[in-house]
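In the numbering used here, the protein residues as written are -17 to 50.
Accompanying notes for the structure given below.
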């Protein structure tokens, strides 16, 4: 990435990260969700929401490594 986009030479991922794609048909819905994220996290923590996302999409994971 740094070679291709020199202006982002200081960009780096934090230790441990997740990256997800969004279907074109879900972009508006995803943007709306992100805009209201603060409200969503009043009802459920980020960690709870992240695990729910894995479970909903049947992603296998080992909880020992998800947030460590």
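C-beta atoms are modelled at their ideal positions from N, C-alpha and C, and glycine is treated no differently.
Give me the Cα-Cα distance between residue 0 and residue 36, rounded to the nearest whole angstrom. By 1-based counting over the chain shown, the position of residue 0 is 18. By 1-based counting over the chain shown, the position of residue 36 is 54. Taking the straight line joining both Cα atoms gives about 11 Å.
Give a yes or no on whether the C-beta atoms belonging to residue 2 and residue -7 are separated by under 9 Å. Looking up residue 2 in the chain shown gives position 20. Looking up residue -7 in the chain shown gives position 11. Contact flag unset, no.
By how many angstroms is the C-alpha of residue -9 removed from the C-alpha of residue 22? Translated into the one-based positions of the chain shown, residue 22 becomes position 40. Translated into the one-based positions of the chain shown, residue -9 becomes position 9. So the two alpha carbons sit approximately 33 Å from each other.
DSSP state of residue 20 mapped onto helix, strand, coil: Residue mapping note: residue 20 aligns to position 38 of the chain shown, counting from 1. It is helical.
Using 8 Å as the cut-off, classify the Cβ of residue 49 as near or not near the heavy atoms of the ligand FAD, replying yes or no. Of the ligands one can find in the structure shown there are none, so the ligand FAD has no counterpart to examine.
Beta-carbon gap between residue 32 and residue 9 smaller than 9 Å: In the chain shown, the residue the question calls residue 32 occupies position 50. In the chain shown, the residue the question calls residue 9 occupies position 27. Their beta carbons are not under 9 Å apart, which means residue 32 does not touch residue 9 by this criterion.
Quick check: residue 26 and residue 20, are their CB atoms within less than 9 Å of each other? One-based indexing of the chain shown puts residue 26 at position 44. One-based indexing of the chain shown puts residue 20 at position 38. Not closer than 9 Å, so no.
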